[in-house]
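Asks:
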Amino acid sequence: MSIIARNITKTFGAYTALNDVSLDVPEGKLVALLGPSGSGKTTLLRIIAGLEFSDPGSGRIDFHGTDVTDIPAGKRGVGFVFQHYALFRHMTVAQNIAFGLTVQPRRERQSAEQIQARVKELLKLIQLDDLGARYPTQLSGGQRQRVALARALAVQPKVLLLDEPFGALDARVRKDLRRWLRQFQREIGITTVFVTHDQEEALELADQVVVMNNAKIEQVGTPQEVYDQPASPFVIEFLGNVNRFAALGHPLPGAGPDVIYVRPHDVDIQRHYEGEHGVRVRVQHVFSAGNYGRVALVRLDNGDTIDAELSRVRLKELGLAAGDEAHVVFRHIRLFPAGAFVERDVAADDATPAVVDAGRDI
Amino acid sequence: MASAVSSLSRSSGSAVRPLATRDATWVRYTLTAVALGFLALFLLLPLVAVFAEALRRGLGAYITALKDPDGLHALKLTLITAALAVPANLVFGVAAAWCIAKFTFPGKSVLITLIDLPFAVSPVISGLIYVLIFGAQGWYGQYLNAEAPWFPALQAWLIEQDFKIIFAVPGIVLATVFVTFPFVARELIPLMQQQGNDEEYAAITLGANGWQTFWNVTLPNIKWGLFYGVILCNARAMGEFGAVSVVSGHIRGETNTLPLHVEILYNEYQFVGAFAAASVLALLALVTLVLKSLVEWAHARRTA
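Sequences listed follow chains A and B, in order.
Going by the numbering used here, 43 is the number at position 43 of the first sequence; the sequence numbering is gapless.
Going by the numbering used here, 1046 is the number at position 46 of the second sequence; the sequence numbering is gapless.
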């Protein structure tokens, strides 16, 4: 079941939550709506679900070619999972999961035995076979979220929508549940959209990432596309750490100085450098704990700070200490004309060391 | 070694170290004594006095006073009033709380203020308002006397039935409903606001209609708050004096509720009768308190 949203605008009084947003979700894909809070991502998800409606006269939602814009949430065939689970607190886990089946009109309702069998099947699917008689308050956060998922799936929705599904969980559980969800989604192949503000989560989980900011979609692409070819300064800054410099000289006509972005892992540090692209730096601090080494550097020519990430092996080889002088070479840069958010990929070939210098267009 | 440790702890234990979260002993005992003394003086003593006065001429006189037909009628009327006013406010309260907590609409703050109005207005004033509206000289009286009324059939029927509102049971019920309106709504609004709408939204996405959502999701979640509000509402409905006093007309054996009956007997120097009736009211209040504690206890056990 594919989802198409066209020209969705939503305002709350004077506040614009979505400004003429259009989105295509291909069938069977796992799509992440990624953005900071207030970017409109949850509103878009709720409009897709039918819990909110776009401004009168604007927008259209299609499910698999059928217009569902005016169809209420209960009839759209969506499974919705809330950030804080929204489990019915006075019902047991089994009753929660069965809810969607028991409220169906009598003619369409399955028999009590069939419902029970379905609940059992779902409990097995979420690996909580023995906890059907428990109440939600007796479960851990991760278990509750899985129950919420099973409850949404019980009615066999055509689309699964998750609002910050891992937001309220601690880091470890989040990681496990994330992996579980991805595998699970691949297995049943249900079209899934989830909202998150965690870029790592979106990049790890999704087939397609939709980066949102300020009521608009900034970029849509695979995790690799949005990470390696960010369409705007916002995207590159939101997706992971990045060094930001004003380019020296070379302003475009009518614009301020260009802005250059370099990912910390694209900063190569060398003790001795003979080439022409090196930048002289002083080491400010070395962080050697963690999965990789991080070094804080200061450019000697203009005092800009540079963060570099490198493998711990490489860090050991270099033997850097605070106060040392060294050279850095940027392996890969991106340049955006400041102020004018125009996409312009100027990155050099990954393999070739490149440096940004006054007046150079690379 | 062990003995050294224990002797050490013993020596340091002799000097009581105050905990950061605990006041000095004398402060605690003084505060407790003041609170208990106040409660005893202003709450317990009057309660005891009611029963003591009622039993002053012995148990026989007390029982005779209780069997007084006017008193029994007053008790009956009090129970009828509560039985009508409480369900009415149960429905109104749930409806008001539901729309205030779950929806945004223009005029919401006005509605919230209106709900509090009966708490803010003196009960005597609210009774007077009903007299002005429904009394013989009020709008209702004008309607009955009108030459060309709206709905003439209704006017004819009302005259035929001799349907009176003021100085009759309907007025008493109306005044009681007005005075006890805030109890259920006030109890539910914060509870429902705190619970939010997510569970209702979840039910809706699962295909439940509005009615199913209300019965299966909203109502069970507010159950305990609702019990509590109803109990408080009931207590006030049975004890209301001011507003009812204005609209009832104090007709013995007809429009006297228990609180009014107590006043009449007392003013006639029938102290045993007055206090006997008062003791019945006090007993009803005690039953309410026990029920309230039971509800709180059961709720605490359910959520533990």
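Glycine included, each C-beta is placed from N, C-alpha and C at the ideal position.
(1) Of the choices 310(A), 149(A) and 336(A), whose alpha-carbon is the least far from that of residue 328(A)?
(2) Are residue 199(A) and residue 239(A) close, meaning C-beta to C-beta below 9 Å?
(3) Under DSSP, the beta strand (DSSP E) around residue 104(A) begins and ends at which residues?
(4) Of all the residues that make up the region 90-107 of chain A, which are near chain B by a beta-carbon distance shorter than 7 Å?
(5) Along the chain, where does the alpha helix (DSSP H) that runs through residue 41(A) open and close?
(6) Would you list, in sequence order, the uninterrupted beta strand (DSSP E) runs of no fewer than 3 residues that lie entirely inside the region 20-99 of chain A?
(7) Would you say residue 88(A) faces chain B, with C-beta separation under 9 Å as the test?
(8) Going by DSSP in three states, residue 213(A) sits in which element: helix, strand or coil?
(9) Going by CA-CA distance only, name the one from 1283(B), 1194(B), 1062(B) and 1171(B) that's closest to residue 1085(B).
(10) Between residue 71(A) and the ligand COA, is there a pair consisting of the residue's CB and a ligand heavy atom that are separated by less than 8 Å?
(11) Output yes if chain A places a C-beta closer than 9 Å to the C-beta of residue 1148(B); else output no.
(12) Just by C-beta distance, which residues in the region 1202-1226 of chain B are closer than 9 Å to chain A?
(13) Only counting the same chain, and skipping five residues up and downstream in sequence, which positions put a Cβ closer than 8 Å to that of residue 272(A)?
(14) Taking 9 Å as the CB-CB limit, is residue 1199(B) close to chain A?
(15) Judging by CA-CA distance, which residue of 1291(B), 1180(B), 1213(B) and 1154(B) is the nearest neighbour of residue 1088(B)?
(16) According to DSSP, what are the bridge partners of residue 261(A)?
(17) In its own chain, which residues sit with a C-beta less than 7 Å from the C-beta of residue 14(A), not counting the 5 before and 5 after it?
(18) Below 8 Å on C-beta distance, what does residue 17(A) contact in chain B?
(19) Provide the residue span of the alpha helix (DSSP H) that contains residue 7(A), from first to last.
(20) Look up residue 308(A) in the DSSP assignment and give the residues it is bridged to.
(21) Let me check one thing: in DSSP terms, what residues is residue 269(A) bridge-paired to?
(22) In chain B, what lies closer than 8 Å to residue 51(A) by C-beta?
(23) For residue 222(A), tell me which candidate among 33(A), 10(A), 7(A) and 16(A) has the shortest Cα-Cα distance.
(24) List the whole-angstrom C-beta distance separating residue 182(A) from residue 205(A), where the pair is believed to meet the contact cut-off of C-beta under 8 Å.
(25) Do residue 1206(B) and residue 74(A) come within 9 Å of each other at the CB atom, strictly closer than that value?
(26) For the region 1156-1170 of chain B against the region 31-50 of chain A, are there 3 or more C-beta pairs whose distance is under 8 Å?
(27) Helix, strand or coil, according to DSSP, for residue 278(A) in the structure here?
(28) Based on Cα-Cα distance, which residue from 89(A), 86(A), 64(A) and 85(A) lies nearest to residue 77(A)?
(29) When you compare the CB of residue 165(A) with every CB in chain B, is at least one pair closer than 9 Å?
(30) Which first and last residues belong to the beta strand (DSSP E) in which residue 163(A) is found?
(31) Residue 1029(B): buried (16+ other C-beta within 10 angstroms of its C-beta) or exposed?
(32) Which complete alpha helix (DSSP H) runs does the region 1194-1259 of chain B hold, if anything under 4 residues is left out?
(33) Using a Cβ-Cβ cut-off of 9 Å, state whether residue 1(A) counts as contacting chain B.
(34) State buried or exposed for residue 146(A), treating a residue as buried only when at least 16 other CB atoms are found within 10 Å of its CB.
(35) Can you pull the chain B residues whose beta carbon is under 8 Å from the beta carbon of residue 73(A), in chain order?
(36) Smallest Cα separation from residue 88(A): which of 1227(B), 1202(B), 1268(B) and 1292(B)?
Replies: With the given structure in hand:
(1) Taking the first residue of the first sequence as 1, we reach residue 328(A) at position 328. For the residues 310(A), 149(A) and 336(A), the minimum Cα distance to residue 328(A) belongs to 310(A).
(2) Here the question's residue 199(A) lines up with position 199 in the first sequence. Here the question's residue 239(A) lines up with position 239 in the first sequence. For residue 199(A) and residue 239(A), yes; Cβs fall inside 9 Å.
(3) As a working mapping, residue 104(A) is identified with position 104 in the first sequence. Where residue 104(A) is concerned, there is no enclosing beta strand (DSSP E), given that its DSSP letter is neither H nor E.
(4) 90, 99, 100, 103 and 104
(5) Looking up residue 41(A) in the first sequence gives position 41. Where residue 41(A) is concerned, the enclosing alpha helix (DSSP H) stretches over 41-49.
(6) 30-34, 60-63 and 78-81
(7) Reading the first sequence from its first residue, position 88 is the one you call residue 88(A). At least one chain B Cβ lies under 9 Å of residue 88(A).
(8) As a position in the first sequence, residue 213(A) is number 213, starting the count at 1. Note: residue 213(A) maps to strand in three-state DSSP.
(9) On the second sequence, residue 1085(B) is found 85 positions in, with the first residue counted as 1. It is 1171(B).
(10) In the structure on display, the ligand COA does not appear, and there are no ligands present to speak of.
(11) Locating residue 1148(B) in the second sequence gives position 148, where the first residue counts as 1. It does not: the Cβ of residue 1148(B) has no partner Cβ on chain A nearer than 9 Å.
(12) 1202, 1203, 1204, 1205, 1206, 1207, 1208, 1209, 1212, 1213, 1216, 1217, 1220, 1221 and 1223
(13) Numbered from its first residue, the first sequence carries residue 272(A) at position 272. So the qualifying residues of the chain are 327.
(14) Position 199 of the second sequence, counted from the start, is the residue given in the question as residue 1199(B). Residue 1199(B) counts as touching chain A.
(15) Walking along the second sequence from the start, residue 1088(B) turns up at place 88. The candidate whose alpha carbon is nearest that of residue 1088(B) is 1180(B).
(16) Within the first sequence, the letter at position 261 stands for residue 261(A). According to DSSP, residue 261(A) bridges with 244(A) and 334(A).
(17) Here the question's residue 14(A) lines up with position 14 in the first sequence. Sequence-distant Cβ neighbours of residue 14(A) in its own chain, meaning closer than 7 Å and more than five residues away, do not exist here.
(18) If you number the first sequence from 1, residue 17(A) lands on position 17. Simply none; closest approach about 15 Å.
(19) To locate residue 7(A), count along the first sequence from 1; it is residue 7. Note, residue 7(A): premise wrong, no alpha helix (DSSP H); beta strand (DSSP E) at 3-12.
(20) Locating residue 308(A) in the first sequence gives position 308, counting from the first residue. Looking at the DSSP assignment, residue 308(A) forms a beta bridge with 295(A).
(21) Working through the first sequence from its first residue, we reach residue 269(A) at position 269. Paired residues: 328(A).
(22) Here residue 51(A) refers to the residue found at position 51 when the first sequence is read from its first residue. Listed along chain B are 1201, 1204 and 1205, each with a C-beta nearer than 8 Å to that of residue 51(A).
(23) The residue you call residue 222(A) lines up with position 222 of the first sequence. For residue 222(A), the closest alpha carbon among the candidates 33(A), 10(A), 7(A) and 16(A) is that of 33(A).
(24) The residue you call residue 182(A) lines up with position 182 of the first sequence. The residue you call residue 205(A) lines up with position 205 of the first sequence. Contact holds; Cβ gap of about 5 Å.
(25) Indexing the first sequence from 1 puts residue 74(A) at position 74. Indexing the second sequence from 1 puts residue 1206(B) at position 206. Yes, they are a contact pair.
(26) no
(27) Indexing the first sequence from 1 puts residue 278(A) at position 278. Three-state result, residue 278(A): coil.
(28) Indexing the first sequence from 1 puts residue 77(A) at position 77. Residue 64(A) is the option with its Cα nearest to residue 77(A).
(29) In the first sequence, counting from the first residue as 1, residue 165(A) sits at position 165. No, no contact with chain B.
(30) Numbered from 1 along the first sequence, position 163 holds the residue referred to as residue 163(A). Note, residue 163(A): beta strand (DSSP E), 159-163.
(31) For the purposes of this step, residue 1029(B) is taken as the residue at position 29 of the second sequence. Flag for residue 1029(B) reads exposed.
(32) 1198-1205, 1210-1213, 1219-1239 and 1242-1248
(33) Against the first sequence, residue 1(A) aligns to sequence position 1. Judged by the 9 Å Cβ criterion, residue 1(A) is not in contact with chain B.
(34) On the first sequence, residue 146(A) is found 146 positions in, with the first residue counted as 1. It is buried - the Cβ of residue 146(A) has at least 16 other Cβ atoms within 10 Å.
(35) Locating residue 73(A) in the first sequence gives position 73, where the first residue counts as 1. The contacting residues are 1201, 1204 and 1205.
(36) For the purposes of this step, residue 88(A) is identified with residue 88 of the first sequence, where counting begins at 1. Out of 1227(B), 1202(B), 1268(B) and 1292(B), 1202(B) has the C-alpha closest to the C-alpha of residue 88(A).
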